[in-house]
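Below is one structure, written out as structure tokens; comments come after it.
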Amino acid sequence: MYKYEALIRYIDDNGDVIPPYKFLPVAKKAKLSSKILKLMMHECLDFIKLKQKIVAVNISFDDIRNKDTMEYILHLLEENKEVSSSLHFELLETEEIEDFGLVRKFIEMVHKYGCKVGVDDFGAGYSNFNMLEALKVDFIKIDGSLIKSINTDINQEIIVDTIASYAKRTGVETVAEFVSSKGIYDKIKFLGINYAQGWHFGQAVSIDEIN
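Numbering-wise (numbering that gives the first Met the number 0), the sequence shown opens with residue 0 and increments by one.
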């Protein structure tokens, strides 16, 4: 196990777990995304100190262009220098990035603390190789919509192979999402993808369940 991805869940008054796709859009409209990220950052750093694991947390362009949020993140990293290199960031909704220079500046700042930065869901929407060249990220996560049918759709395999080849030539690490079977895992290994994530290895668990 190389690293973990931090996921958020909301538990209502009845004790039912509400998935993020139901409450995060509401939180975004209510401008609560920054508060959620700050909470996640604290939880991740505490987890890293307790478990000595690498953890990735999601971050959006809205978070990056929020001056208060950026100052808060840098303050936390400065306070936790001894473990900051174990915290990775995954850029969400890259099609919404309006200022690549600003994102590049964020990447350079967190690199000073040893943090790695990657692009989430690459290959979906408007994500492209020009964006990778502009941002100089450390890793890309290949979108699960491409991975889950890689053994049955030759076009999907060609796209994934192209992404993996480009990443290898430019020194960017690759992660395959939605790896749900040994067959898919064998295929992505054959294509030279560095890491895999999905139910083939395990489902989401609480912090207390991680050794």
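C-beta: ideal position from N, C-alpha, C; glycine also. All values derive from a computational prediction rather than experimental measurement.
Opening and closing residue of the beta strand (DSSP E) in which N57 lies: Looking up residue 57 in the sequence shown gives position 58. Counting along the chain, the beta strand (DSSP E) containing N57 begins and ends at 54-58.
From which residue to which residue does the beta strand (DSSP E) around I120 run? Here residue 120 refers to the residue found at position 121 when the sequence shown is read from its first residue. Per the sequence shown, the amino acid found at residue 120 is Asp instead of Ile. Note, D120: beta strand (DSSP E), 115-121.
In or out: Q202 buried (at least 16 other Cβ within 10 Å) or exposed? Residue numbering aside, residue 202 sits at position 203 when the sequence shown is read from its first letter. Exposed, because fewer than 16 other Cβ atoms sit within 10 Å of the Cβ of Q202.
What does the alpha-carbon distance come out to for the pair I72 and T151? By one-based count along the sequence shown, residue 72 stands at place 73. By one-based count along the sequence shown, residue 151 stands at place 152. Approximately 42 Å between the Cα atoms of the pair.
Grab me the residues of S33's own chain with a C-beta within less than 6 Å of its C-beta, minus the 5 sequence neighbours each way, in chain order. Sequence index remark: in the sequence shown, residue 33 carries index 34 (1-based). Around S33: N65, T68.
Can you pull the DSSP bridge partners for I139? As a first step, residue 139 is located in the sequence shown; it is residue number 140 there, counting from the start. Paired residue(s): V118, T173.
Spatial neighbours of K115 within its chain, please: C-beta separation below 6 Å, excluding the five flanking residues on both sides. Here residue 115 corresponds to residue number 116 of the sequence shown, with the count starting at 1. So the qualifying residues of the chain are H87, D137.
Can you list, in chain order, the residues of its chain with a C-beta nearer than 8 Å to that of V16? Leave out the 5 residues immediately preceding and following it. Within the sequence shown, the letter at position 17 stands for residue 16. Closer than 8 Å at Cβ, skipping near neighbours: R8, Y9, I10.
V118: buried (16+ other C-beta within 10 angstroms of its C-beta) or exposed? The residue labelled residue 118 in the question sits at position 119 within the sequence shown. Label assigned to V118: buried.
Can you give the beta carbon distance from K52 to K2, rounded, assuming they're within the 8 Å contact cut? Position 53 of the sequence shown, counted from the first residue, corresponds to residue 52. Position 3 of the sequence shown, counted from the first residue, corresponds to residue 2. Here K52 really is in contact with K2; their C-beta atoms are around 7 Å apart, less than 8 Å.
Let's see if you can read the secondary structure: which residues bound the beta strand (DSSP E) around H87? In the sequence shown, residue 87 corresponds to position 88, counting from 1. It spans 86-90 - the beta strand (DSSP E) in which H87 sits, taken as one unbroken run.
State the Cα-Cα distance for the pair F121 and E89, rounded to the nearest angstrom. Taking the sequence shown and counting its residues from 1, the one referred to as residue 121 is at position 122. Taking the sequence shown and counting its residues from 1, the one referred to as residue 89 is at position 90. The straight-line gap from Cα to Cα measures roughly 11 Å.
Closest to N79 by CA distance: which of V102, L49, I63, T93 is it? By 1-based counting over the sequence shown, the position of residue 79 is 80. Minimum Cα distance to N79 is reached at L49.
Note down the Cα distance separating K181 from I162, rounded to an integer number of angstroms. Here residue 181 corresponds to residue number 182 of the sequence shown, with the count starting at 1. Here residue 162 corresponds to residue number 163 of the sequence shown, with the count starting at 1. The straight-line gap from Cα to Cα measures roughly 21 Å.
Taking the C-alpha atoms as reference points, what is the distance between N213 and I149? Because the chain here runs from 0 to 210, residue 213 falls outside it and cannot be looked at.
Helix, strand or coil at L195 [DSSP, three-state]: One-based indexing of the sequence shown puts residue 195 at position 196. For the sequence presented, residue 195 should be read as Ala rather than Leu. Correct three-state label for A195: strand.
Check for me: the alpha helix (DSSP H) holding I180 runs from which residue to which? Translated into positions along the sequence shown, residue 180 becomes position 181. Before going on, a small fix: residue 180 reads as Ser here, not Ile. Neither: S180 is in no alpha helix (DSSP H) and is coded neither H nor E.
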